[in-house]
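Trainee:
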Amino acid sequence: MLLLFCVGCSKVRDSHELLHSLLWMHTSAEYHTLSVMTYQQAGDALDRALLDRRATASLEQTGDFQHLPPAVILDLDETVLDNSPFEARLMAQRTTFNQPMWEQWVQEASAQAVPGVLDFIAAARKKGVTVFFVSNRRAHQESSTRRNLEKLGIPLPTDLDTLLLEGESPFRWPPNKSSRRRYLAERYRILLLIGDDLGDFVDGARDKPEQRIALAGHHDHRWGRSWFLLPNPMYGTWETSLTPPSLTEAQKLSFKLLLLREAQ
Ligand SMILES: [Mg+2]
Numbered sequence: 001m002l003l004l005f006c007v008g009c010s011k012v013r014d015s016h017e018l019l020h021s022l023l024w025m026h027t028s029a030e031y032h033t034l035s036v037m038t039y040q041q042a043g044d045a046l047d048r049a050l051l052d053r054r055a056t057a058s059l060e061q062t063g064d065f066q067h068l069p070p071a072v073i074l075d076l077d078e079t080v081l082d083n084s085p086f087e088a089r090l091m092a093q094r095t096t097f098n099q100p101m102w103e104q105w106v107q108e109a110s111a112q113a114v115p116g117v118l119d120f121i122a123a124a125r126k127k128g129v130t131v132f133f134v135s136n137r138r139a140h141q142e143s144s145t146r147r148n149l150e151k152l153g154i155p156l157p158t159d160l161d162t163l164l165l166e167g168e169s170p171f172r173w174p175p176n177k178s179s180r181r182r183y184l185a186e187r188y189r190i191l192l193l194i195g196d197d198l199g200d201f202v203d204g205a206r207d208k209p210e211q212r213i214a215l216a217g218h219h220d221h222r223w224g225r226s227w228f229l230l231p232n233p234m235y236g237t238w239e240t241s242l243t244p245p246s247l248t249e250a251q252k253l254s255f256k257l258l259l260l261r262e263a264q
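Just so you know, the sequence shown maps onto residues 1 to 264 in this note's numbering.
1. Tell me which same chain residues have a C-beta within less than 6 Å of the C-beta of E168, skipping the five on either side of it?
2. Scan the segment 8 to 76 and note each continuous beta strand (DSSP E) run of 3 residues or more that stays entirely inside, going in chain order.
3. Using the Cα positions of G8 and G63, report the straight-line distance between them to the nearest angstrom.
4. Give me the Cβ distance between T56 and I190, rounded to the nearest whole Å; I'm assuming they're in contact under 8 Å.
5. Let's test the definition: count the other Cβ atoms within 10 Å of the Cβ of L242 and tell me whether it reaches 16, buried, or not, exposed.
6. Answer yes or no: do D207 and G236 have a C-beta to C-beta separation smaller than 8 Å?
7. For ligand 1, is there any heavy atom lying closer than 7 Å to the beta carbon of D75?
8. Could you tell me the alpha carbon to alpha carbon distance between L258 and K252, rounded to whole angstroms?
9. Between the beta-carbon of G204 and the beta-carbon of L215, is there less than 8 Å?
10. Which residue's Cα is closest to the Cα of F86: L74, Q99 and D75?
11. Give a single yes or no on whether G116 has its beta carbon closer than 7 Å to a heavy atom of ligand 1.
12. Closer than 7 Å by C-beta to S179: which residues in its own chain qualify, once you throw out the five before and the five after it? Chain order, please.
13. Taking E166 as the reference, give the member of L50, R181 and L192 with the closest Cα.
14. On a CA-only basis, which of T96, R137, S135 and T130 is nearest D159? Give me that one, please.
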């Protein structure tokens with residue numbers, strides 16, 4: 001059945017579905033502006049949350065948290081670190097995400113900062129807010145990730161682990177980030193969550209697209225107040241949720257074309 005959808009696949013492949021997403025991130029004033037706007041508004045929300053000790057951004061935060069020290073949780077990739085040059089490298093080589101090329105990119109530690117994030121982190125730290133990074137980069141990538149952050153002027157404390165990576169000992173964190181949010185919420189009052197993927201905020205990001213939209217809508221009162229989302233048109237659970245994982249790349253592309261809403 002799926003083979004029928006594949007007529008013309010190679011032609012579509014030649015135009016590469018990452019092109020416009022990448023150009024938008026690399027060249028548009030609009031991407032720059034959205035990122036800066038998000039971080040400026042997050043900075044304002046941080047000030048409000050610092051004053052309101054009943055405020056928490058974490059669904060995992062329960063009990064008497066009013067007197068816990070303040071913290072924010074940021075994702076890393078496409079929230080702090082801009083990996084669009086890596087995506088461009090994939091495109092230039094006419095390939096899709098693969099672990100060896102990702103490892104190489106992470107080792108290079110040359111990702112630039114997402115617009116607006118450096119000012120936000122500096123301001124938060126100045127106000128005594130601990131900045132945690134919860135990322136699904138893997139434990140063995142910790143030193144190169146730290147190196148990349150340091151190059152950008154984001155040194156990490158040596159007396160506290162603020163970089164919680166997937167699989168890291170002793171907790172062996174799973175890809176789902178809720179256990180890491182819960183761990184931090186037991187120790188800190190979580191003022192804000194900032195990420196580029198629904199999974200950076202709430203469980204259920206891997207569900208079907210309609211369920212994801214319903215889940216996001218259920219939390220509309222948090223967006224722009226304690227939850228801040230950066231744009232990422234290149235990849236994410238929004239994209240992986242579109243197709244069954246067992247399909248080939250060509251089959252996925254054909255499947256996706258069938259999901260487009262066309263004007264009648
Ligand atoms: Mg991310």
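Even for Gly, the Cβ is constructed at its ideal location relative to N, Cα and C.
Mentor: Inspection of the coordinates gives the following:
1. Start at 1 with the first residue of the sequence shown, and residue 168 comes out as number 168. For E168, where only same-chain residues beyond five positions count, the Cβ hits under 6 Å are A139.
2. For the segment 8 to 76, whole beta strand (DSSP E) runs of length 3 or above, ordered along the chain, are 70 to 74.
3. Counting from one through the sequence shown, the residue named residue 8 turns up at place 8. Counting from one through the sequence shown, the residue named residue 63 turns up at place 63. At G8 the pLDDT is 42, less than 50, meaning the model places this residue with poor confidence; the figure from the coordinates comes in the next sentence. The alpha-carbon atoms of G8 and G63 are separated by roughly 57 Å.
4. Along the sequence shown, read from residue 1 onward, the residue named residue 56 stands at position 56. Along the sequence shown, read from residue 1 onward, the residue named residue 190 stands at position 190. Indeed they touch by this definition, with Cβ atoms about 5 Å apart.
5. Residue numbering aside, residue 242 sits at position 242 when the sequence shown is read from its first letter. Exposed: under 16 other Cβ atoms inside 10 Å.
6. Residue mapping note: residue 207 aligns to position 207 of the sequence shown, counting from 1. Residue mapping note: residue 236 aligns to position 236 of the sequence shown, counting from 1. At least 8 Å separates the beta-carbon of D207 from that of G236.
7. Stepping through the sequence shown from its first residue, residue 75 is reached at position 75. Yes, Cβ of D75 sits closer than 7 Å to a heavy atom of ligand 1.
8. As a working note, residue 258 is residue 258 in the sequence shown. As a working note, residue 252 is residue 252 in the sequence shown. If you take the alpha carbons of L258 and K252, they lie about 10 Å apart.
9. Here residue 204 is taken as the residue at index 204 of the sequence shown, counted from 1. Here residue 215 is taken as the residue at index 215 of the sequence shown, counted from 1. The answer is yes: Cβ separation under 8 Å.
10. Against the sequence shown, residue 86 aligns to sequence position 86. The residue from L74, Q99 and D75 with its alpha-carbon nearest to that of F86 is Q99.
11. Numbered from its first residue, the sequence shown carries residue 116 at position 116. G116: no, Cβ never under 7 Å from ligand 1.
12. Residue numbering aside, residue 179 sits at position 179 when the sequence shown is read from its first letter. Within the same chain, S179 has close Cβ partners W173.
13. Taking the first residue of the sequence shown as position 1, residue 166 is located at position 166. The candidate whose alpha carbon is nearest that of E166 is R181.
14. Locating residue 159 in the sequence shown gives position 159, where the first residue counts as 1. Of T96, R137, S135 and T130, the residue nearest in Cα terms is T130.
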